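Protein sequences, first through last, are from chains A and B.
Every position in the first sequence, counted from 1, becomes a number in the working numbering once 3 is added.
Every position in the second sequence, counted from 1, becomes a number in the working numbering once 1216 is added.
The C-beta atom is built at its ideal place from N, Cα and C for all residues, glycine as well.
Computed from a predicted model, the values in this text were never measured in an experiment.
Let me begin by presenting the structure, written as structure tokens, before commenting on it.
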Amino acid sequence: MQLITAQALLGLNVGVFYAMLSLGLAVIFGLLNIINFAHGAMYMLGAFVALIGYSYLEQWFGISLQIGFWGSLIMAPLVVGLLGIIIERTMLKRLANLDHIYGLLLTFGITLILQGLFANYFNVSGTPYPGQPEVLSGVLNLGFMYFPTYRMFAIVFSLVVCFATWYVIEHTRLGSRLRAGVENPQLTQAFGLNVPLMVTLTFGFGAALAGLAGVLAAPIYSVSPLMGADLIIVVFAVVVIGGMGSIMGAILTGLALGLVEGMTKVFYPPAANTVIFFLMVLVLLFRPAGLFGKEQ
Amino acid sequence: MPPENARELLKIENLHAWYGESHILHGMELTVHEGEVITLLGRNGSGRSTTLKAILGLVGKRTGSIRVNGTELINLPTHQIARVGKLGYCPEERGIYASLNVDENLVLPPVVAEDGMSVDEIYQMFPNLRERRKSQGSKLSGGEQQMLAIARILRTGATLLLLDEITEGLAPVILKSLNDVILKLRGKGYTIILVEQNFHFAAPLADRHYVIEHGRVVLQIAADELEAKQDELNRHLSV
Ligand SMILES: Nc1ncnc2c1ncn2[C@@H]1O[C@H](COP(=O)(O)OP(=O)(O)O)[C@@H](O)[C@H]1O
Ligand SMILES: [Mg+2]
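In structure tokens:
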């Protein structure tokens, strides 16, 4: 029983990463109609901003400054979000009226460039992030079991971020403007809202979410140029299962599939890495628009 | 009828507009005084909706001059036009957002000037909408959608209203309340451009009528000349 609960929590821990990344993808897809392949690279970049900020600022740039974990939680989303904004403004914008495939190819290219860049300076097999704060080390006594404090923090923090994002999009004035901009960009502009700016900022926000997930992942997994490439494939499967375009759908599917993966580890370990893809095939066969997607 | 010496609020000169390669407006000329209600009449495809869209920058390309209160709008990006010109736009297809509920639709357009109507005042004017506050835009009837499309630009403080075919496809009883709404707005001093197919609806409401053909004005009729020019008007509108 303890084993199952422990695996469930570990699964949930993986699930919050799936949720945060597929949420970012869904937000970007919903508003820009772009499948952002570079999302994994932005996650990787977030982790590297944390790592570099902690260990390399002095050595590389001669700045005697160390950005700790908490600082990185703010810095990394800002840096990655800014990069996202630059990419959107200078490149993606030009593809606005073309088929999805062009955006996918462009962001795939960006992914290869970013990965190559970091592979040049960092070990592909990973560098541990030493900056996990003292207060989050050790284990937490949950009464019925012990669980690593940091992982519990990552779960709660990510859940808060995910549901806050959902709330803003579905229940605030800003969110209704974003939804209006998606539904009828022309009219929304005519009312006096700057839709292109909203689109750019939203892309930046989606990228920032990936960067934030990267920082959260850094103390758990080692930081590697390929960490995003491995994860993004699974996240795309999550998105296919959940269906593009639904914010809550992306969050719930991410969490659920993390749990499914965790449980599979208990009951049939060999399938743990493939169970999500198996589910993806089933969904594609029986509900091609995804669990939360709208059938056309 | 506004006073003789009312200010020119909107002045359009030599306006040309294109959708891609197709040249739709060919030197449109239009003057609307403060507090006036005018109509754009014409056959389907004559360029009435395009005139409104050209004012808002919703066409591919436009040249010429569009001044509101003396301020030139022709080179402004679309998202600044409503604010600079204090314009409110009600598109032909109504443009109610299906994914937003009535309240959200109502408060979506940003305020462009002070002295707009409050949400409460608007719901007093459109009591049916109040009952449906939480309904999704997609669940509204045609009449409700139309009322909402007008209501939401009253909140913004816009003083120049561009209303495109607001009577299209609506039942007589709803036309009656639309008529009341336009009369009330007129009384409050709004300046209104009505694009209308339904001449019987528009005739008693408007101070002047412009007849559009092939993207330019071919006839201008003041309300008191209607009787005298009825034949000429019929000739232009008959299909
Ligand atoms: N989005 C568009 N793209 C290309 N042509 C258009 C578009 N909208 C309207 N048109 C053309 O412009 C002309 C004028 O249309 P419109 O202004 O809608 O006429 P009206 O409102 O007077 O019925 C028509 O010939 C129509 O086919
Ligand atoms: Mg029309």
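Per-residue DSSP class, three states only, for residue i
i, result
"Lys1227 (chain B)", "strand"
"Thr1383 (chain B)", "coil"
"Lys297 (chain A)", "coil"
"Met1333 (chain B)", "coil"
"Asn1317 (chain B)", "strand"
"Leu1303 (chain B)", "strand"
"Asn2 (chain A)", "Because chain A in this structure spans residues 4 to 299, residue 2 (chain A) falls outside the shown range and cannot be described."
"Lys1350 (chain B)", "coil"
"Glu1245 (chain B)", "strand"
"Ala221 (chain A)", "coil"
"Leu1470 (chain B)", "The requested residue 1470 (chain B) is not part of the displayed model; chain B covers only 1217 to 1455."
"Ala53 (chain A)", "helix"
"Lys1404 (chain B)", "coil"
"Leu85 (chain A)", "helix"
"Gln62 (chain A)", "helix"
"Pro1326 (chain B)", "coil"
"Leu1289 (chain B)", "coil"
Residue i at chain A interface by Cβ criterion, 9 Å
i, result
"Ala1314 (chain B)", "yes"
"Arg1223 (chain B)", "no"
"Val1318 (chain B)", "no"
"Ile1297 (chain B)", "yes"
"Gly1273 (chain B)", "yes"
"Leu1241 (chain B)", "no"
"Tyr1235 (chain B)", "no"
"Val1335 (chain B)", "no"
"Leu1256 (chain B)", "no"
"Gly1311 (chain B)", "yes"
"Val1328 (chain B)", "yes"
"Tyr1305 (chain B)", "yes"
"Thr1294 (chain B)", "yes"
"Leu1410 (chain B)", "no"
"Pro1420 (chain B)", "no"
is_contact[residue i, chain B] using C-beta, thresh 9 Å
i, result
"Asn187 (chain A)", "yes"
"Phe194 (chain A)", "yes"
"Asn16 (chain A)", "no"
"Leu182 (chain A)", "Here residue 182 (chain A) is Arg; the residue named in the question, Leu, does not match the sequence. It does: the Cβ of Arg182 (chain A) has a partner Cβ on chain B nearer than 9 Å."
"Thr191 (chain A)", "yes"
"Arg176 (chain A)", "yes"
"Val138 (chain A)", "no"
"Val171 (chain A)", "no"
"Ser249 (chain A)", "no"
"Val30 (chain A)", "no"
"Trp82 (chain A)", "Per the sequence presented here, residue 82 (chain A) reads as Val, with Trp not at that position. By this cut-off, Val82 (chain A) is not an interface position."
"Val202 (chain A)", "no"
"Asn197 (chain A)", "yes"
Beta-carbon spacing of residue i, residue j below 9 Å
i, j, result
"Val242 (chain A)", "Leu107 (chain A)", "no"
"Val1275 (chain B)", "Ala1233 (chain B)", "yes"
"Leu1289 (chain B)", "Arg1432 (chain B)", "no"
"Ile254 (chain A)", "Trp169 (chain A)", "yes"
"Gln1352 (chain B)", "Arg1310 (chain B)", "no"
"Leu1379 (chain B)", "Ile1409 (chain B)", "yes"
"Gly1236 (chain B)", "Arg1402 (chain B)", "no"
"Pro136 (chain A)", "Phe64 (chain A)", "no"
"Val238 (chain A)", "Met47 (chain A)", "no"
Cβ-based burial, residue i [other Cβ within 10 Å; buried from 16]
i, result
"Lys268 (chain A)", "buried"
"Lys1350 (chain B)", "exposed"
"Gly146 (chain A)", "exposed"
"Pro291 (chain A)", "exposed"
"Ile66 (chain A)", "exposed"
"Leu234 (chain A)", "buried"
"Gly1261 (chain B)", "exposed"
"Tyr124 (chain A)", "exposed"
"Ile158 (chain A)", "buried"
"Gly1385 (chain B)", "exposed"
"Met247 (chain A)", "buried"
"Tyr1305 (chain B)", "buried"
"Ser128 (chain A)", "exposed"
"Ser1357 (chain B)", "exposed"
Any non-hydrogen atom of ligand 4 closer than 8 Å to residue i Cβ
i, result
"Glu1337 (chain B)", "Among the ligands present in this structure, namely ligand 1 and ligand 2, ligand 4 is not found."
Inter-residue CB distance, residue i and residue j (contact presumed, cutoff 8 Å)
i, j, result
"Gly1332 (chain B)", "Arg1371 (chain B)", "5 Å"
"Ile113 (chain A)", "Ala216 (chain A)", "With 8 Å as the limit, Ile113 (chain A) and Ala216 (chain A) do not qualify as a contact, their Cβ atoms being about 18 Å apart."
"Leu117 (chain A)", "Ala44 (chain A)", "4 Å"
"Ala22 (chain A)", "Ser249 (chain A)", "Actually they are not in contact, since the Cβ atoms of Ala22 (chain A) and Ser249 (chain A) sit about 13 Å apart, beyond 8 Å."
"Glu264 (chain A)", "Val17 (chain A)", "6 Å"
"Leu1376 (chain B)", "Leu1225 (chain B)", "6 Å"
"Asn39 (chain A)", "Thr110 (chain A)", "5 Å"
"Gly1373 (chain B)", "Val1323 (chain B)", "About 13 Å; that fails the 8 Å criterion."
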